[in-house]
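Please read the structure below before turning to the comments.
Numbering (our numbering), first residue to last: 125 to 351.
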């Protein structure tokens, strides 16, 4: 009887140890898979914030640290967009035809640039400048711009958005912005030890333990720290 109980205990222990070994292999894999999914969504949102901020600066000369101001701007401001119809073939490009030349192309020049049917080419090749809202031009009419401030997978947490400036050797003041989110926020709910390890690795390398775009103290061409 005791021998049978011992056998059962051993079997249970072996199964439990096998399970622990399995989980020790699977948990890091599961973490990596979920981390990649979340990072991709967060990076996409940060890239969209960067596009909106750059348009804001083009229009106003500075960046904004207010998501409300940024969203209102995207909804209401307009920008010049070139609508294109028709294209230049590789053969025509090789003969030196550019878009600028194509718009002014004369019948006498057509053969020189490999344009066989001048009338058809001129009728189909058009470049018109129109003004569209930033929302439509940059993101598409159906883009949920009101959600741009929120970090995916966090149930309502917002990105940190800040502005700053840098004065170069020529005394020129360069406006800067930074949007970021800590690993602890967008990876919340995943394996805690794996997140701690990620943070430790970043800190040991002197890097930000999270995802960010731009920098509020040093010009970096608005690069993301994943790029």
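Glycine residues also receive a C-beta, built at the ideal position from the N, C-alpha and C atoms.
Buried or exposed (CB count within 10 angstroms, at least 16 for buried), residue i
i	result
residue 224	exposed
residue 198	buried
residue 351	exposed
residue 192	exposed
residue 252	exposed
residue 338	buried
residue 346	buried
residue 302	buried
residue 184	exposed
residue 305	buried
residue 153	exposed
residue 336	buried
residue 170	buried
residue 172	buried
residue 254	exposed
residue 213	exposed
residue 329	exposed
Contacting residues, own chain, Cβ-Cβ under 6 Å from residue i (five flanking each side not counted)
i	result
residue 146	Residue confidence for residue 146 is low, a pLDDT of 47 falling below 50, so the modelled location carries little weight; the figure read from the coordinates is stated next. No residues qualify anywhere along the chain.
residue 209	250
residue 288	300, 340 and 341
residue 186	299
residue 237	216, 219 and 221
residue 74	Residue 74 lies beyond the stretch modelled for the chain, which goes from 125 to 351, so this question has no answer here.
residue 155	314, 315 and 318
Of the listed residues the options, nearest to residue i (C-alpha basis)
i	options	result
residue 257	164, 176 and 161	176
residue 151	163, 316, 346 and 282	316
residue 326	308, 343 and 338	308
residue 162	344, 345, 334 and 346	334
residue 310	295, 283, 293 and 182	283
residue 265	304, 323, 294 and 200	200
residue 245	218, 211, 255 and 215	211
residue 343	328, 297 and 329	297
residue 158	321, 313 and 328	313
Residues of its chain near residue i, where Cβ-Cβ distance is below 8 Å and the 5 sequence neighbours each way are ignored
i	result
residue 143	Note that residue 143 scores 46 on pLDDT, short of 50, meaning its location in the model is unreliable; the coordinates nonetheless yield the value given after this. Same-chain partners within the cutoff: there are none.
residue 190	285
residue 227	249 and 251
residue 331	349
residue 178	346
Residue i Cβ short of 8 Å to the ligand FMN heavy atom set
i	result
residue 202	Here there are no bound small molecules, and the ligand FMN is not part of this structure.
Start-to-end residues for the beta strand (DSSP E) that takes in residue i
i	result
residue 255	250-257
residue 188	No beta strand (DSSP E) contains residue 188, which DSSP labels as neither H nor E.
residue 207	202-209
residue 285	284-291
residue 337	334-338
Range of the contiguous alpha helix (DSSP H) that encloses residue i
i	result
residue 310	307-310
residue 223	223-227
residue 217	214-218
residue 324	316-328
Close Cβ partners of residue i (< 7 Å) along its chain, the five nearest in sequence each way excluded
i	result
residue 195	269, 270 and 272
residue 242	231 and 234
residue 323	307 and 333
residue 319	307, 308 and 311
| Does the pairing of the stretch 189-207 with the stretch 249-263 give three or more beta-carbon distances under 8 Å? | Yes: the two stretches touch, three or more of their Cβ pairs being nearer than 8 Å.
| message | Measuring CB atoms only, is the stretch 153-172 touching the stretch 272-281, in the sense that at least three cross pairs come out at less than 8 Å? | response | Taking a cut-off of 8 Å for Cβ pairs, the stretch 153-172 and the stretch 272-281 touch, as three or more such pairs fall below it.
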